[in-house]
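With our numbering as the guide, the letters of the sequence shown map in order to residues 4 to 182. The C-beta atom is built at its ideal place from N, Cα and C for all residues, glycine as well. To start, the structure itself, in structure tokens.
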Amino acid sequence: MPLFPSFRRAFIALGSNLGDKIANCIKAARKISETEGVVCVTLSHPYETAPFQMVSDNVFINAVLEARTNLSPWDLLERLLEIEAGMGRDRTRGPDRTIDLDILFMEGIIIDGKKNGYDLVLPHPRMGQRAFVLMPWAELAPDLVVEPFGKTVMQMLQDLPSSFPVLRRLSWEAERILA
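Encoded structure:
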């Protein structure tokens, strides 16, 4: 894997609405932390939320992980897709998922392209519409300015419509976090 000359700040969204959702998110965070070229810094609280822009009877657990990485965006995406597949995610079997991992932002990277059959847009194009992403992300980096939007994570959160569904913040069991 080609490496960047230095580590960049990256934020990754985690979501699960099947099985033990908390355990799925923790397992995915651990697998990300075991990836060569990735150092996990912190993990937000988990948030419980209703499905958004999809039909499902299953509620979600969502969180955001902050990492430092010297992987390219494409290599990081490939690793996240490997983790999803290894945890049973089948993108052809409907909207429910054991785990969903999305790169939200990589410091200094703006990209919109396709490589090796993968589409990648950074920063994530729909993150500014998703409270389940912005609420946990604002815990970690409220003052981070997200280019090319020119807004901080907190400003994007505050710009959401007031009718947006309220999310319930939960707590991780301390012994289950990145250990």
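Rounded C-alpha distance that separates residue i from residue j
i    : j    : result
S47  : Q161 : 18 angstroms
G120 : M90  : 21 angstroms
E150 : D115 : 13 angstroms
V62  : A144 : 25 angstroms
A53  : M159 : 20 angstroms
R171 : E51  : 5 angstroms
A134 : L163 : 7 angstroms
K118 : E85  : 16 angstroms
N20  : A66  : 12 angstroms
E110 : T95  : 31 angstroms
I25  : R100 : 13 angstroms
S75  : S165 : 37 angstroms
Bridge partners - residue i, DSSP secondary structure assignment
i    : result
E85  : Bridge partners of E85: none, in fact.
F10  : Note: F10 sits in no beta bridge, so no partner.
N119 : None; N119 has no bridge partner.
I114 : L125
M109 : A13
Outcome for residue i when other beta-carbon atoms lying within 10 angstroms are tallied against a minimum of 16
i    : result
L173 : exposed
A88  : exposed
V41  : buried
G18  : buried
T45  : exposed
V198 : With the chain covering only 4 through 182, there is no way to say anything about residue 198.
E39  : exposed
P98  : exposed
E37  : exposed
Where residue i sits in the DSSP three-state scheme
i    : result
E150 : coil
G18  : strand
A134 : helix
L173 : coil
A70  : strand
Would you list, in sequence order, the uninterrupted beta strand (DSSP E) runs of no fewer than 3 residues that lie entirely inside the region 27 to 63?
Taking only runs of at least 3 residues, the beta strand (DSSP E) segments lying wholly in the region 27 to 63 are 41 to 46 and 50 to 52.
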